[in-house]
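The structure appears right after this line, and notes come after that.
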Amino acid sequence: MHDPFVLAGREYRSRLITGSGKYASFAQTREAAEAAGAEIVTVAVRRVNITDPGKENLLDHLTPDRFTILPNTAGCFTAEDAIRTCRLAREAGVGTLVKLEVIGDEKTLFPDVPATIDAARVLVKEGFQVLPYVTDDPVACKRLAEVGCAAVMPLAAPIGSGLGIRNAFNLRIILEQSRVPVIVDAGVGTASHAAEALELGCDAVLMNTAIAGARDPILMAEAMRLAVDAGRKAFLAGRIPPRLYATASSPLDGLIR
0 MHDPFVLAGR
10 EYRSRLITGS
20 GKYASFAQTR
30 EAAEAAGAEI
40 VTVAVRRVNI
50 TDPGKENLLD
60 HLTPDRFTIL
70 PNTAGCFTAE
80 DAIRTCRLAR
90 EAGVGTLVKL
100 EVIGDEKTLF
110 PDVPATIDAA
120 RVLVKEGFQV
130 LPYVTDDPVA
140 CKRLAEVGCA
150 AVMPLAAPIG
160 SGLGIRNAFN
170 LRIILEQSRV
180 PVIVDAGVGT
190 ASHAAEALEL
200 GCDAVLMNTA
210 IAGARDPILM
220 AEAMRLAVDA
230 GRKAFLAGRI
240 PPRLYATASS
250 PLDGLIR
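Heads up, the sequence shown is in numbering that gives the first Met the number 0, so the first residue is 0 and it goes up one at a time.
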């Protein structure tokens, strides 16, 4: 079945985007990405070396001919810092597809929505394809799409919490109104959470801690790949509507009496 995930004009087979933090080594990062079937891997430019050739470089393991490297602005608390970090990634030759994070609160890691919109506006004008991490707020997602972002990335729950989708109703509104891909970002904890996101109609899901923090990261990466695939197929198949009462599996017409 040809069902590509189209992001910023490029087709991908996988709808699972993985992170590169919290792994035991760069080698394990690559092994997990491969087990997940990921084609896009996000990298925190301020925390992981992708610019200094004199030190162990993540890009030696996640080669750009195999993976699309998605630099992110994790750790940025102002629009200015996030913009500067994206420019640094571009100068390093990583590209112009970026995940924008402007954190508004150090404890919860919730995004600063106004600052995120301000940064997105500047980056889009500079030719970046921006994927903003944002709250599950339909209005904020609409504003970011209007600014020209290539997708919107509403959180499912706080970063690293593993709580899964806390507000499916908001996600449904975001999906209904969105003219760009919707990628669930943050809060996924296990395979059923990933499947739920895709079953709702989300275009993709991004996760890091759920895989890297698992007892067996490689096995969890494989589980997530299967869950995303199952969730997407369930969405395309069209689930039966939920009912309050039972419906017989076998028709009652023509019963032998």
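Think of the CB as a built atom: it goes at the ideal place given N, C-alpha and C, for glycine as much as any other residue.
- Fewer than three beta-carbon pairs drawn from the stretch 63–82 and the stretch 235–247 are found closer than 8 Å, and the two stretches are therefore not classed as touching.
- Between the stretch 178–189 and the stretch 145–158 there are three or more inter-stretch CB-CB distances shorter than 8 Å, so the stretches are counted as touching.
- Here the stretch 159–169 does not lie against the stretch 115–131, with fewer than 3 beta-carbon pairs under 8 Å apart.
- Between E221 and A35, the alpha-carbon positions lie close to 5 Å from each other.
- Under the 10 Å beta carbon count, D2 is surrounded by fewer than 16 other beta carbons and is classified as exposed.
- Closest in alpha carbon position to A213, among F4, T67, T28 and M0, is T28.
- When DSSP assignments are scanned along the stretch 36–95, the uninterrupted stretches of alpha helix (DSSP H) that are 4 or more residues long and fall wholly within it turn out to be 78–90.
- Taking N207 as the centre and dropping the five residues before and after it, the same chain places the C-beta of G18 and G20 closer than 6 Å to its C-beta, in chain order.
- Looking at the backbone, the Cα of L99 and that of K232 are separated by about 29 Å.
- Here R224 is buried: its Cβ has 16 or more other Cβ atoms, across all protein chains shown, within 10 Å.
- In the three-state reduction of the DSSP assignment, T17 falls in the strand class, which pools E and B.
- The bridge partners DSSP lists for P157 come to none.
- Remark: C-beta atoms of G230 and A196 approach each other more closely than 9 Å.
- Between L15 and V204, the C-beta gap is smaller than 9 Å, which places the two residues in contact.
- A Cβ-Cβ distance of about 6 Å is found for the pair A7 and L96, placing them in contact under the 8 Å criterion.
- In this model, E33 and L143 are separated by some 31 Å (Cα to Cα).
- Judged by beta-carbon spacing, N169 lies beyond the 9 Å limit of D215, meaning their Cβ atoms are not closer than that value.
- In this model, I116 and E145 are separated by some 10 Å (Cα to Cα).
- Residue environment for L69: buried (at least 16 other C-beta atoms within 10 angstroms of its C-beta).
- Within the DSSP secondary-structure output, Q128 pairs in a beta bridge with L96.
- Rounded to whole angstroms, the gap between the alpha carbons of Q176 and P110 is 21 Å.
- Residue K124 holds the alpha-carbon nearest to the alpha-carbon of G147 among K124, I102 and L218.
- Under the DSSP assignment, I182 falls in the beta strand (DSSP E) whose first and last residues are I182 to D184.
- With contacts defined as CB atoms closer than 9 Å, Y22 and A226 fail to qualify as a contacting pair.
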